[in-house]
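Asker: Chains as they are written, first to last, in my numbering: chain A, 1 to 180; chain B, 1001 to 1180; chain C, 2001 to 2180.
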Amino acid sequence: MLKNPGTLVIGGARSGKSRFAEHLIVSSGLPRTYIATSTPFDDEMTARIAKHRRERGRWWATIEEPLDIASVIFRETGPEKAVLVDCLTLWLNNLIFYEKDIAAETLRLCELVKDLRGPCVFVSNEVGLGIVPENRLSRSFRDAQGRLNQDIGEACGKVVFVAAGQPMLLKPRQEPEITL
Amino acid sequence: MLKNPGTLVIGGARSGKSRFAEHLIVSSGLPRTYIATSTPFDDEMTARIAKHRRERGRWWATIEEPLDIASVIFRETGPEKAVLVDCLTLWLNNLIFYEKDIAAETLRLCELVKDLRGPCVFVSNEVGLGIVPENRLSRSFRDAQGRLNQDIGEACGKVVFVAAGQPMLLKPRQEPEITL
Amino acid sequence: MLKNPGTLVIGGARSGKSRFAEHLIVSSGLPRTYIATSTPFDDEMTARIAKHRRERGRWWATIEEPLDIASVIFRETGPEKAVLVDCLTLWLNNLIFYEKDIAAETLRLCELVKDLRGPCVFVSNEVGLGIVPENRLSRSFRDAQGRLNQDIGEACGKVVFVAAGQPMLLKPRQEPEITL
Chain A
1 MLKNPGTLVI GGARSGKSRF AEHLIVSSGL PRTYIATSTP FDDEMTARIA
51 KHRRERGRWW ATIEEPLDIA SVIFRETGPE KAVLVDCLTL WLNNLIFYEK
101 DIAAETLRLC ELVKDLRGPC VFVSNEVGLG IVPENRLSRS FRDAQGRLNQ
151 DIGEACGKVV FVAAGQPMLL KPRQEPEITL
Chain B
1001 MLKNPGTLVI GGARSGKSRF AEHLIVSSGL PRTYIATSTP FDDEMTARIA
1051 KHRRERGRWW ATIEEPLDIA SVIFRETGPE KAVLVDCLTL WLNNLIFYEK
1101 DIAAETLRLC ELVKDLRGPC VFVSNEVGLG IVPENRLSRS FRDAQGRLNQ
1151 DIGEACGKVV FVAAGQPMLL KPRQEPEITL
Chain C
2001 MLKNPGTLVI GGARSGKSRF AEHLIVSSGL PRTYIATSTP FDDEMTARIA
2051 KHRRERGRWW ATIEEPLDIA SVIFRETGPE KAVLVDCLTL WLNNLIFYEK
2101 DIAAETLRLC ELVKDLRGPC VFVSNEVGLG IVPENRLSRS FRDAQGRLNQ
2151 DIGEACGKVV FVAAGQPMLL KPRQEPEITL
């Protein structure tokens, strides 16, 4: 087991990031737990959740937790099992919707991640690579998501970027250190 | 020649992805064919197409095909020539506009790509790395584009991501396999 | 010192690109100069600038220059100091706002970058990886930003892409050349 068995998988919408995260877990051969942060706000979301669950199959224990994922992760992780949290973007969305303290919740999660007792994979969206959104709420969500990804990325031992279904390992760095 | 001589080049708008794809083809020294999927919907598009064609120069055979690119690729590819398809994003746009069956067309294209008889480079946009679009049509386009990129990325032997004109090889992976 | 001591650091909003660029400069141990291109258009921007300055601390000489960064860079760079330009996206924004000739200004900057006398790090946003913006001005900004990143990326000896706070070296390429 790694010193820090946390992995952050980031990517765009429909980039294959969830599929790759599931592949990581399945390849480990460990019993697997899926922590779903999604709350079906509308029909589009409900359909998407049901589709994801069907695709995942039934070899997963599924726990739905929209807000207090730190407690669930603390309880569920261990050296002999693999946990998937899908996804931090919906978690952030829920924090905002229920007017939670994002900074405090992020700090709590990161402290936990630095001290994980077993493998845990976090899926999150990268949303800051488009044009500046016109409305303030979108800009503020984009900033919060970016900060969250930086913080979790720093806490996790591994960070993977996925595009067109293909993973790229950002951390730990495979290349020599970058200098001026 | 590779087992699968298909290459997917993805990137953002004005990232240099088309230029890099052309560089790949030109560097091969093979006779070259350009399959243009663009349909000039408006003046902005017409000007852009004309500009691209001027920049490309005349050492290319150009074929315009907005929809049935599979047939053209099947006919045009071969071991002694190099084919460029620019781009899948406009092709997808055309499929939607003409109300074609996207899943069926994608499947047909991917089956062909898995069995290419000669080098073929596909240019496509990554559009899922911004904030969630407000209108449903944009969200649905984003999802369709992401799925298409994943499917073609899986079918192709190579996937390259381009940013600021710089290519990054995502597939085949140069690093050891990523595990938990 | 490298043949070309220019470095372009690109990434999304809140990706950690500025922090990484500052880390590059600080790690060099050289005296440091910060060229700020930001013009506070509104309260949101004013607060962000003040926050950035507080976070940077006072070991930086700060020069504010919204438009003529080429002259400032020419004057400030040298083998015994490190210069940070943060960021090209706001510079581009200023060029547009004051109706300057973007192509001419970009060319002037790139000529200078090709012949830098000391290390200079440029921070810039990648904004082309979302869905096509609905308004023409945003599309045109996106195109201008993409072209600028390509041009500066070509002029600089190094290009780094940052996501979730993690850097990835795009240039110089660490892998064998990509071919068909």
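All residues carry an ideal CB built from backbone N, CA and C; glycine is no exception.
Terminal residues of the continuous alpha helix (DSSP H) containing A1103/B?
Answerer: Element bounds for A1103/B: 1102-1113.
Asker: Could you tell me the boundaries of the beta strand (DSSP E) in which V1160/B lies?
Answerer: 1158-1163
Asker: Using a Cβ-Cβ cut-off of 8 Å, state whether D143/A counts as contacting chain C.
Answerer: yes
Asker: What residues from the region 1059-1073 of chain B come within 8 Å of chain A, judged by C-beta to C-beta, listed N to C?
Answerer: none
Asker: What are the residues of the region 145-166 of chain A that lie near chain F, defined by any Cβ-Cβ distance shorter than 7 Å?
Answerer: Among the protein chains in the structure shown, which are A, B and C, there is no chain F.
Asker: Kindly say whether M45/A, judged by its beta-carbon, lies nearer than 8 Å to any beta-carbon of chain B.
Answerer: no
Asker: Using the Cβ count rule (16 or more neighbours within 10 Å means buried), how would you classify M2168/C?
Answerer: buried
Asker: In angstroms, rounded to a whole number, what distance separates the CA positions of V1121/B and I1069/B?
Answerer: 13 Å
Asker: Cα-Cα, which of A104/A, R75/A, N149/A is closest to D115/A?
Answerer: R75/A
Asker: By how many angstroms is the C-alpha of T1106/B removed from the C-alpha of H52/A?
Answerer: Across the structure, H52/A and T1106/B are spaced so that their CA atoms are roughly 21 Å apart.
Asker: Leaving out the 5 sequence neighbours to the left and right, which residues in its chain are closer than 8 Å to E80/A when beta-carbon positions are compared?
Answerer: L30, P31, G118
Asker: Hey, does K2114/C have any beta-carbon neighbour from chain B nearer than 8 Å?
Answerer: Among the residues facing chain B, K2114/C is not included, as its CB has no counterpart in that chain under 8 Å away.
Asker: Hey, how far is the Cα of L84/A from the Cα of T37/A?
Answerer: 11 Å
Asker: Can you tell me whether P176/A is buried or exposed? The criterion is at least 16 other CB atoms within 10 Å of its CB, across all chains shown.
Answerer: exposed
Asker: Starting from T189/A, find everything on chain C with Cβ-Cβ shorter than 7 Å and list it in chain order.
Answerer: Any question about residue 189/A goes unanswered here, given that chain A covers just 1 to 180.
Asker: Does the beta carbon of E2105/C come closer than 8 Å to any beta carbon on chain B?
Answerer: Between E2105/C and chain B, the shortest Cβ-Cβ separation is not below 8 Å.
Asker: Beta-carbon within less than 8 Å of P1172/B's beta-carbon, same chain only, minus the 5 sequence neighbours each way: which residues are those?
Answerer: G1157, K1158
Asker: So G2012/C and L8/A are supposed to be a Cβ contact under 8 Å. How far apart are they, rounded?
Answerer: Actually they are not in contact, since the Cβ atoms of G2012/C and L8/A sit about 15 Å apart, beyond 8 Å.
Asker: Please report the straight-line C-alpha distance between L2095/C and I2049/C, rounded to a whole angstrom.
Answerer: Going by the C-alpha atoms only, they are around 19 Å apart.
Asker: In terms of alpha-carbon separation, which member of E1064/B, I1178/B, Q1174/B, V1162/B lies closest to L1024/B?
Answerer: V1162/B
Asker: Are there 16 or more other CB atoms within 10 angstroms of the CB of S2124/C, so buried, or fewer, so exposed?
Answerer: buried
Asker: Taking the alpha-carbon positions, what's the I2035/C to R1136/B distance?
Answerer: So the alpha carbons of these two residues sit roughly 41 Å apart.
Asker: Name, please, each residue of chain A whose Cβ falls closer than 7 Å to the Cβ of K1171/B.
Answerer: Q166
Asker: Going by C-alpha to C-alpha distance, which of D1151/B, E1064/B, S1015/B sits closest to L1109/B?
Answerer: Measuring from the Cα of L1109/B, the nearest candidate turns out to be D1151/B.
Asker: In angstroms with no decimal places, state the Cα-to-Cα distance between A1164/B and L1112/B.
Answerer: Going from the Cα of A1164/B to the Cα of L1112/B covers about 31 Å.
Asker: Looking at the C-beta of T181/A, does it have a partner C-beta in chain C at a distance below 8 Å?
Answerer: An answer regarding residue 181/A cannot be provided, because it is not within the stretch 1 to 180 covered by chain A.
Asker: Taking only beta-carbon atoms, is L1008/B less than 8 Å away from chain A?
Answerer: yes
Asker: What would DSSP say about D1143/B, mapped onto helix, strand or coil?
Answerer: helix
Asker: Beta-carbon separation of A1082/B and L2180/C under 8 Å?
Answerer: In contact: A1082/B and L2180/C (Cβ atoms closer than 8 Å).
Asker: Would R147/A and R2014/C qualify as a contact pair, given that the criterion is a beta-carbon distance under 8 Å?
Answerer: yes
Asker: Given 7 Å as the limit, tell me if R1139/B has its C-beta closer than that to any heavy atom belonging to the ligand GTP.
Answerer: The ligand GTP is absent from the structure shown, which contains no ligand whatsoever.
Asker: Please state whether DSSP places I1096/B in a helix, a strand or coil.
Answerer: Reduced to three states, the DSSP call for I1096/B is helix.
Asker: Closer than 7 Å by C-beta to A2155/C: which residues in its own chain qualify, once you throw out the five before and the five after it? Chain order, please.
Answerer: G2006, C2110, V2113, K2114
Asker: Where do the N-terminal and C-terminal ends of the beta strand (DSSP E) with L2170/C fall, by residue?
Answerer: 2166-2171
Asker: What residues are listed by DSSP as bridge partners for G29/A?
Answerer: Answer by DSSP bridge pairing: none, since G29/A is not bridged.
Asker: 8 Å is my cut-off, CB to CB: does P2031/C come that close to chain A?
Answerer: no
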